[in-house]
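Here is the structure we will look at, set down as structure tokens.
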Amino acid sequence: MKKKMFIIILGIVILSVIAVRNILKKNQKPNKAMVQTTTIKKEDIESHIQATGKIFSMDKRDVVSDVEEKIEKMYVQKGDKVEKGQILMKLEETNIRYKIKDAKLRLSMEQENLRQLEKQGNTELEINLSNAKIKYEDAKNAYERNKELYEGSVISKVDLDKSKDEMDQQYNDYILAEEKLKNSNNENSIIIQKQKIETARLEVEKLEKDLAKHTIKSPITGTIVDTNISESGIIRSSVALMSIQDIEHLEIVLDMNEYESSKIELGDSVKITGDSFQGKVYEGKVKYIGSIAKQSNGGQGKESVVEIKVDIQNTDESLKPGFSAKVDILTEKKDGVLTVPYEAIFTKKDGTKVIFTVEDGIVKEKEIKTGVESNFSLEIIGDVKESDEVILNPTEEITDGTEIITNKVI
Numbered sequence: 001m002k003k004k005m006f007i008i009i010l011g012i013v014i015l016s017v018i019a020v021r022n023i024l025k026k027n028q029k030p031n032k033a034m035v036q037t038t039t040i041k042k043e044d045i046e047s048h049i050q051a052t053g054k055i056f057s058m059d060k061r062d063v064v065s066d067v068e069e070k071i072e073k074m075y076v077q078k079g080d081k082v083e084k085g086q087i088l089m090k091l092e093e094t095n096i097r098y099k100i101k102d103a104k105l106r107l108s109m110e111q112e113n114l115r116q117l118e119k120q121g122n123t124e125l126e127i128n129l130s131n132a133k134i135k136y137e138d139a140k141n142a143y144e145r146n147k148e149l150y151e152g153s154v155i156s157k158v159d160l161d162k163s164k165d166e167m168d169q170q171y172n173d174y175i176l177a178e179e180k181l182k183n184s185n186n187e188n189s190i191i192i193q194k195q196k197i198e199t200a201r202l203e204v205e206k207l208e209k210d211l212a213k214h215t216i217k218s219p220i221t222g223t224i225v226d227t228n229i230s231e232s233g234i235i236r237s238s239v240a241l242m243s244i245q246d247i248e249h250l251e252i253v254l255d256m257n258e259y260e261s262s263k264i265e266l267g268d269s270v271k272i273t274g275d276s277f278q279g280k281v282y283e284g285k286v287k288y289i290g291s292i293a294k295q296s297n298g299g300q301g302k303e304s305v306v307e308i309k310v311d312i313q314n315t316d317e318s319l320k321p322g323f324s325a326k327v328d329i330l331t332e333k334k335d336g337v338l339t340v341p342y343e344a345i346f347t348k349k350d351g352t353k354v355i356f357t358v359e360d361g362i363v364k365e366k367e368i369k370t371g372v373e374s375n376f377s378l379e380i381i382g383d384v385k386e387s388d389e390v391i392l393n394p395t396e397e398i399t400d401g402t403e404i405i406t407n408k409v410i
């Protein structure tokens, strides 16, 4: 009897458990999605672009000679620092000084020839001109007197006309004598001789300039980085004798792809590092942005790049032309803005950017705009505030009003 009663009670208990489980299962809500979240931060944010380039001297010149001559003396050697205008070498001057002496002698001779021509003069022609002038003045005075006599009815019109004809004739004789003197052979000889003197003077001037070219000076302040001569050698004109670079004023030249170059502006601050810099970090400024793009062979084929130049502002002996350098360009900076990780941004099919905030376990979709982008986070602008909880890596299943369980990430 007891056994039967036990079986009945056990059956009732089992049926009760099954009934309760069915009721609970019937009333149970769907499982909530679990998501990772973080909070919106208010912080300073910076946007950077990294690239590599080569270090170059800002000023470099090849030293060349305009004359061909043997070197007389060298004053410098490779590695020496030189100042602008400093004498680098002297070329032999024997030949050029002989030419100058000869040219000056010819100039003196031409000047003496002119003095002799001027002494000879044109005595006869000059006397004729003087006499013709006197006769013209006398005839002119006589005509003026006869005009007064004619007006007083003392002489006739015929006498007045005769005096007028005489004055005109004497004037013509005076002009003719003047032309003869001007066109005389001696006068022409003097003109020609003056031209010879000018030619001789210009030759002396040219040779003296050539003499100055026998002293070769540095065109810039810098360091001699290469030489192409020996002290006993004969140099050739227009051939580089040595190369000088200003290694205290350096710049970095690099190619930037067209997308990133559009973010860079003149004056942007730059941090400079390199494998050969012994851990030092140098400061720089963007000083040049190419006005046109050029084609470059990149790892994925040809691409359009823009040349960028960075002025290194605190150079030292660790930096050398030809070294590779890594640059970190600060393109934008804002203080006290709202930021989220990139993983919090969801871009819809129409291009709209949104984030999903969480309030009391319920998802709120909020449209935002983005601003400054750093390596790990970016500025957001919209109906959001600091410390709002946002979902990371949202999927298309996350929509406005979805109930979720959160797992906050620091």
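Under the UniProt record's numbering, think of the first position of the sequence shown as 1, with each following residue one higher.
Beta carbons: idealized from backbone N, C-alpha and C, even for Gly.
The model shown is predicted, which means the values in this text are computed figures rather than measured ones.
Can you tell me whether Asp255 is buried or exposed, with buried defined as 16 or more other CB within 10 angstroms of its CB?
With 16 or more neighbouring CB atoms inside 10 Å of its own CB, Asp255 falls in the buried class.
Looking only at its own chain, which residues have a Cβ that is under 8 Å from the Cβ of Ala142, when we skip the five neighbours before and after it?
Ser163, Glu166, Met167
If you follow the beta strand (DSSP E) that Glu46 is in, where does it begin and where does it stop?
41 to 57
Just verifying my parser: in three-state terms, what is the DSSP assignment at Arg77?
It should be pointed out that residue 77 corresponds to Gln in this sequence rather than to Arg. Looking at Gln77 - three-state DSSP - the assignment turns out to be coil, as it is neither helix nor strand.
Quick one: what does DSSP say Lys294 is sitting in, helix, strand or coil?
strand
Might you give, ordered along the chain, the residues of its own chain that have their beta carbon closer than 7 Å to the beta carbon of Ile362, omitting 5 neighbours on each side?
The answer, listed in chain order, is Gly401, Glu403.
Looking only at its own chain, which residues have a Cβ that is under 6 Å from the Cβ of Asp80, when we skip the five neighbours before and after it?
Ile224
Report the CB separation of Val253 from Glu307 in whole angstroms; it is logged as a contact under 8 Å.
7 Å
Could you check the C-alpha separation between Glu317 and Leu207 for me, to the nearest Å?
43 Å
Return yes when the C-beta of Leu105 is under 8 Å from any heavy atom of the ligand NAD, and no when it is not.
Ligands are entirely absent from the displayed structure, and the ligand NAD is therefore not among its contents.
To which residues of the same chain is Lys90 closer than 7 Å at the C-beta, ignoring the five residues directly before and after it?
Glu72, Lys73, His214, Thr215
Once the 5 residues before and after Ser238 are set aside, which same chain residues still bring their CB inside 6 Å of it?
Taking Ser238 as the centre and dropping the five residues before and after it, the same chain places the C-beta of Val64 closer than 6 Å to its C-beta, in chain order.
What is the DSSP secondary structure of Glu93, reduced to helix, strand or coil?
coil
How is the beta strand (DSSP E) around Lys408 delimited, first residue to last?
Where Lys408 is concerned, the enclosing beta strand (DSSP E) starts and stops at 404 to 408.
Just grab the DSSP bridge partners of residue 432 for me.
A query on residue 432 cannot be resolved here, the shown segment of the chain reaching from 1 to 410 and no further.
Under the assumption that Glu43 contacts Thr339 (Cβ atoms under 8 Å), give the Cβ distance between them as a whole number of angstroms.
6 Å
Exposed or buried, Ser218, counting other C-beta atoms within 10 Å across all chains shown (16 or more means buried)?
buried
How close, in whole Å, do the beta carbons of Lys78 and Asp246 come, if the pair is a contact with beta carbons under 8 Å?
Between Asp246 and Lys78 the Cβ distance is about 16 Å, and since that is not below 8 Å, they are no contact.
Check each candidate in Lys348, Ala344, Lys353, Lys385 and name the one with the smallest Cα separation from Val337.
Considering only Lys348, Ala344, Lys353, Lys385, the residue with the shortest C-alpha distance to Val337 is Lys385.
Is Ile220 helix, strand or coil by DSSP?
Here Ile220 sits in coil by DSSP.
Under the rule that 16 or more other beta-carbon atoms within 10 Å means buried, what is Leu176, buried or exposed?
exposed
Quick one: using the 10 Å Cβ neighbour count with 16 as the cut-off for buried, is Tyr75 buried or exposed?
exposed
Can you give me the C-alpha to C-alpha distance between Leu129 and Ile190, rounded to a whole angstrom?
19 Å
Using the DSSP secondary-structure output, state which residues sit across from Arg61 in a beta bridge.
Ile244
Drop a sphere of 10 angstroms on the beta-carbon of Ala212, count the other beta-carbons inside from all chains shown, and report buried for 16 or more, exposed for fewer.
Around the beta-carbon of Ala212, fewer than 16 other beta-carbon atoms lie within 10 Å, marking it exposed.
Let me check understanding here. Comparing Cα to Cα, which of Ser57, Pro394, Thr406 lies closest to Gly222?
Ser57
Is the distance from the Cβ of Ile398 to the Cβ of Val35 below 9 Å?
yes
To test your reading of the DSSP string, which unbroken beta strand (DSSP E) runs of 3 or more residues are found completely within the stretch 189 to 219?
215 to 217
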